[in-house]
Amino acid sequence: QGALVPDQVIIEIIRETLASEKCADGFILDGFPRTVGQAEALDAILRDLHIKLDVVIDLAADENEIVRRLSNRLTCRQCGAVYNLATNTLSQDHKCPKCGGELYQRDDDKPEVVRNRLRVYHETTAPVRTYYAHQGILRSVDGMGTIADVQQRILNSLPGNRG
């Protein structure tokens, strides 16, 4: 329905994950933190683990484009692969090219739910940008364009990358 998972649940999952061996060489958090409270909790976790947060990437995109992209997404029930009707050529029967499984639209990707997710974002997540901007680690990246273009912009925004 587009609602957020309670902070304490997410924070404990993040704490356990960041403390695990699989994050020893670094990590990328996608979609977290979503609230200033989560950002503050993440700072405390990172302090406890003696980890420095290098950069926070904020992808900026037109809201109509976000709705279009997400509402065109189909997911395979069998293997979990994700396809986009706007960028992937799929068979008429909407079978997964990878495994032949059924492709379906997740409830979270329906236009009305995406719009609600964007409303929640503006209310609770947008202040996180200010939080990290004050720390000097926020990089705003234009999220419009091709996947390759956006990927290159992200790479160019990383510390130590000379573009």
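Count along the sequence shown from 1, add 987, and you get the number used in the numbering used here.
Heads up, the beta-carbon is just placed ideally off N, CA and C, and yes, glycines get one too.
Rounded to the nearest angstrom, the gap between the Cα atoms of residue 995 and residue 1110 is 19 Å.
With a cutoff of 9 Å on beta-carbon distance, residue 1077 and residue 1057 are scored as not near each other.
C-alpha of residue 1068 to C-alpha of residue 1083: approximately 8 Å in a straight line. Counting only the Cα atoms, residue 1071 lies some 31 Å from residue 1146. In the DSSP assignment, residue 1047 falls outside any alpha helix (DSSP H) and within the unbroken beta strand (DSSP E) covering 1043 to 1047. In the displayed model, residue 1022 falls within coil according to three-state DSSP, outside both helix and strand.
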